[in-house]
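Top to bottom, those sequences are chains A and B. All you need for this note's numbering is the position in the first sequence, starting with 1, plus 2. All you need for this note's numbering is the position in the second sequence, starting with 1, plus 1. What follows is a set of notes on a single structure, which appears directly below.
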Amino acid sequence: DAKTTQPTSMDCAEGRAANLPCNHSTISGNEYVYWYRQIHSQGPQYIIHGLKNNETNEMASLIITEDRKSSTLILPHATLRDTAVYYCIVRVVGQFYFGTGTSLTVIP
Amino acid sequence: EPEVTQTPSHQVTQMGQEVILRCVPISNHLYFYWYRQILGQKVEFLVSFYNNEISEKSEIFDDQFSVERPDGSNFTLKIRSTKLEDSAMYFCASSEALAGWDEQYFGPGTRLTVT
């Protein structure tokens with residue numbers, strides 16, 4: 003599976019949009035981009051995933067560049083409960099490889 | 002909304018003892034996984050399981066580990082003789098299919114402490 007690069011940490015003001023970037027320049031054509039988050043030591047929580055097109059669900063939006071070498075997770079109105087470690091993972095099938103992720107802190 | 006459940010939430014055991022961690026995957030899911038996370042480290046894959054067989058396992062999943070689906074609802078991870086370094090959070094996950102487009106849903110985890 004392709005490697006991803008994410009910033010170690012980010013801050014976001016409560017109520018503002020949180021934009022979390024991810025680079026995956028070696029992604030192959032059949033690899034999906036997934037986002038999970040982990041709050042404290044809880045189980046990773048699925049957020050969203052996509053292959054080529056931008057995706058939106060009730061939690062977030064995923065913007066994938068046309069060349070698929072990078073993506074951005076957008077939390078439209080961050081709340082304090084969104085403080086977590088966010089993982090960007092690219093995957094074909096099977097297990098997920100979790101990196102170190104981005105530690106997002108939402109500030110009141 | 003259906004969810005993966007795990008018991009116990011916290012297990013304390015002595016080195017050399019056997020432990021069994023239990024998981025109830027989402028009911029219509031067919032693929033099951035165990036991951037672990039040592040405190041302060043990454044989430045690591047241990048094993049995947051489908052149709053009563055191990056599909057894939059990592060180097061961590063040695064002979065001390067085993068998995069079983071003893072009935073139609075439970076999925077268990079057994080550690081035969083625990084070591085201090087087995088202390089970690091253990092997460093069970095399940096998915097409906099084994100495909101790139103299918104997400105895995107994780108349980109809340111079991112914290113295993115080996116003393």
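Even glycine gets a Cβ: it sits at the ideal position worked out from N, Cα and C. The structure presented is a predicted model; accordingly, all values stated were derived computationally and were not measured.
Contact residues of the region 81-99 of chain B toward chain A are 90, 92, 99 (C-beta to C-beta distance below 7 Å). The C-beta of residue 43/B comes closer than 8 Å to at least one C-beta of chain A. In this structure, the straight-line span from the alpha carbon of residue 62/A to that of residue 79/A is close to 9 Å. For residue 21/A, same chain residues with a beta-carbon under 6 Å away, outside a window of 5 residues either side, are 74, 76 in chain order. By the Cβ test, the region 7-24 of chain B is in contact with the region 80-87 of chain B, since at least three Cβ pairs between them sit closer than 8 Å. Less than 8 Å divides the Cβ of residue 72/A from the Cβ of residue 23/A.
In the three-state reduction of the DSSP assignment, residue 18/A falls in the coil class. Of the residues 3/B, 72/B, 62/B, 114/B, the one whose Cα lies closest to the Cα of residue 34/B is 62/B. In terms of beta-carbon proximity, residue 97/A lines the interface with chain B, with at least one pair separated by less than 8 Å. When the Cα atoms are used, residue 55/B and residue 73/B turn out to be separated by approximately 16 Å. Taking a C-beta distance under 8 Å as the contact criterion, residue 105/A and residue 10/A qualify as a contact pair. According to the DSSP assignment, residue 71/A belongs to no beta strand (DSSP E), since it is labelled neither H nor E. Listed along the chain, the chain A residues whose CB falls inside 8 Å of the CB of residue 110/B are 43, 44, 45. Closest option to residue 59/B, judged by alpha-carbon separation, among 59/A, 97/A, 102/A: 97/A.
Residues of the same chain with a CB within less than 7 Å of the CB of residue 104/B, apart from the 5 flanking positions on each side, are 96 in chain order. Using a Cβ distance threshold of 8 Å, residue 51/B and residue 113/B do not count as a contacting pair.
Three or more pairs of CB atoms, one per stretch, sit closer than 8 Å, so the region 83-103 of chain A contacts the region 24-40 of chain A. Residue 48/A and residue 64/B have their C-alpha atoms roughly 31 Å apart.
In the displayed model, residue 82/A falls within a helix according to three-state DSSP.
Annotation for residue 68/B: 48, 50, 78 place their beta carbon closer than 6 Å to its own, counting only its chain and skipping 5 residues before and after. Taking CB atoms only, residue 31/A has no neighbour in chain B less than 8 Å away.
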